[in-house]
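J.:
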Amino acid sequence: ETGVTQTPRHLVMGMTNKKSLKCEQHLGHNAMYWYKQSAKKPLELMFVYSLEERVENNSVPSRFSPECPNSSHLFLHLHTLQPEDSALYLCASSQDLLVVRNYGYTFGSGTRLTVV
Amino acid sequence: AQKITQTQPGMFVQEKEAVTLDCTYDTSDPSYGLFWYKQPSSGEMIFLIYQGSYDQQNATEGRYSLNFQKARKSANLVISASQLGDSAMYFCAMREGAGNNDMRFGAGTRLTVKP
């Protein structure tokens, strides 16, 4: 059991559906992240939140909409996705955003998303 | 531009032997951190080891050690006494400078430990 919990673990959705991915951490971390992991590609950073404020959006299509209502929860709202959006979506948290010297991010187990 | 390069898509090692997973990186920032993560088939990314660019000694964590060669921009992971449970994907990652929010990952190496 990791300190970061993601739900659901698996999600199959049609291109016209609207769904949300949830991430929760109770580690007292101040920064949270969404990453996309596609087959045969390196992990791609999608969004960064620090103290509930979005600090980075890496040119992610608007069909992905993040929400961070508090420092413990992070959502990724999905709508009108494309089949190429099928991937493993990983949430991570870290103690701080600006400190280089740290002990790594804590990742969740991910949500395996399939768009049909 | 690719910042992290892992040239070994797959590696095999006999149980109880040591294995080295390669990682090279590219940065002009003097301050950076290097990380290795393990991803089992269950999906979660597990942090293994960290090396700071100013660290004088190579990092070690149990059976994991990092062979840090700064001039060559290389940060290879060494796993000693391999166990069957070490079979997984291994990712090298780098985070540059203070204020940079992006931890860049390599493409990964799939390690298979044979009994």
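So the sequence lines, in the order shown, correspond to chains U and F.
What the first sequence shows, in the working numbering, is residues 48 to 163, in sequence order.
What the second sequence shows, in the working numbering, is residues 446 to 560, in sequence order.
Backbone N, C-alpha and C fix where the C-beta goes; we use that ideal spot for every residue, glycine too.
As the structure is a prediction and not an experimental result, all values here were calculated from the model.
1. Could one say the Cβ of proline 116/U lies closer than 7 Å to chain F's Cβ atoms, at least one of them?
2. For glutamate 131/U, does the three-state DSSP call read helix, strand or coil?
3. Taking C-beta pairs closer than 8 Å, name the residues in chain F that tyrosine 136/U reaches, listed in chain order.
4. Residues in its own chain within less than 7 Å of proline 560/F by CB, not counting five upstream and five downstream?
5. Find the nearest neighbour of aspartate 471/F within the set Pro454/F, Lys518/F, Ala504/F, Gln514/F, judged by alpha-carbon distance.
6. What are the uninterrupted segments assigned as beta strand (DSSP E) that are 3 or more residues long and contained completely in the stretch 52 to 118 of chain U, given in chain order?
7. List, from N- to C-terminal side, the beta strand (DSSP E) runs of 3 residues or more that fit wholly inside the stretch 483 to 523 of chain F.
8. Taking only beta carbons into account, state which residues of the stretch 491 to 516 of chain F come closer than 7 Å to chain U, listed in chain order.
9. Pairing CB atoms from the stretch 53 to 66 of chain U with CB atoms from the stretch 99 to 109 of chain U, are three or more of them under 8 Å?
10. Might you give, ordered along the chain, the residues of its own chain that have their beta carbon closer than 6 Å to the beta carbon of histidine 124/U, omitting 5 neighbours on each side?
11. Look at glutamine 402/F and threonine 554/F and say whether their C-beta atoms are less than 7 Å apart.
12. Since I believe glutamine 484/F is in contact with alanine 533/F (beta carbons under 8 Å), could you give me their beta-carbon distance rounded to a whole number of angstroms?
13. Which of the residues in the stretch 548 to 560 of chain F, read from start to end, lie with their CB under 9 Å from any CB of chain U?
14. Determine which residues of the stretch 76 to 102 of chain U have a Cβ less than 9 Å from any Cβ of chain F, and write them out in chain order.
15. For my contact list, alanine 504/F and glutamine 514/F are in at a C-beta cut-off of 8 Å; report their separation, rounded to the angstrom.
16. For chain F, find out if any of its Cβ atoms is closer than 7 Å to the Cβ of glutamine 142/U; answer yes or no.
17. Taking DSSP as the reference, what is the three-state secondary structure of glycine 413/F?
18. Under 7 Å between the Cβ atoms of proline 130/U and alanine 552/F?
T.: If we stick to the structure as given:
1. Within the first sequence, residue 116/U is the residue found at index 69, counting from 1. Chain F contact via Cβ: absent.
2. Mapped onto the first sequence, residue 131/U falls at position 84. Three-state result, glutamate 131/U: helix.
3. Sequence index remark: in the first sequence, residue 136/U carries index 89 (1-based). What tyrosine 136/U touches in chain F, judged by beta-carbon distance under 8 Å, is nothing: the nearest beta carbon there is about 10 Å away.
4. In the second sequence, the residue the question calls residue 560/F occupies position 115. Once the five neighbours on either side are set aside, the close Cβ partners of proline 560/F are Glu460, Leu529.
5. Position 26 of the second sequence, counted from the start, is the residue given in the question as residue 471/F. Out of Pro454/F, Lys518/F, Ala504/F, Gln514/F, Lys518/F has the C-alpha closest to the C-alpha of aspartate 471/F.
6. Runs found: 57 to 60, 65 to 72, 78 to 84, 91 to 97, 100 to 104, 111 to 117.
7. If we require 3 residues or more, the beta strand (DSSP E) runs fully inside the stretch 483 to 523 of chain F come out as 491 to 497, 509 to 514.
8. Answer set for the stretch 491 to 516 of chain F: Phe492, Tyr495, Gly497.
9. No, they do not touch.
10. As a position in the first sequence, residue 124/U is number 77, starting the count at 1. When the five nearest sequence neighbours on each side are left out, the beta carbons in the same chain lying within less than 6 Å of the beta carbon of histidine 124/U are those of Ser67, Ser112, in order along the chain.
11. The requested residue 402/F is not part of the displayed model; chain F covers only 446 to 560.
12. If you number the second sequence from 1, residue 533/F lands on position 88. If you number the second sequence from 1, residue 484/F lands on position 39. With a Cβ gap of about 6 Å, alanine 533/F and glutamine 484/F count as contacting.
13. Under the 9 Å Cβ criterion, the stretch 548 to 560 of chain F contributes Met548, Arg549, Phe550, Gly551, Ala552, Gly553.
14. Flagged, chain order: Ala78, Tyr80, Tyr82, Gln84, Lys87, Lys88, Pro89, Leu90, Glu91, Leu92, Val95, Ser97, Val102.
15. For the purposes of this step, residue 504/F is identified with residue 59 of the second sequence, where counting begins at 1. For the purposes of this step, residue 514/F is identified with residue 69 of the second sequence, where counting begins at 1. Contact flag wrong, Cβ pair sits at about 13 Å.
16. The residue labelled residue 142/U in the question sits at position 95 within the first sequence. Cβ-Cβ to chain F under 7 Å: no for glutamine 142/U.
17. For chain F, the structure presents residues 446 to 560; residue 413/F sits outside this window and is missing.
18. Locating residue 130/U in the first sequence gives position 83, counting from the first residue. Locating residue 552/F in the second sequence gives position 107, counting from the first residue. Cβ atoms of proline 130/U and alanine 552/F: not closer than 7 Å.
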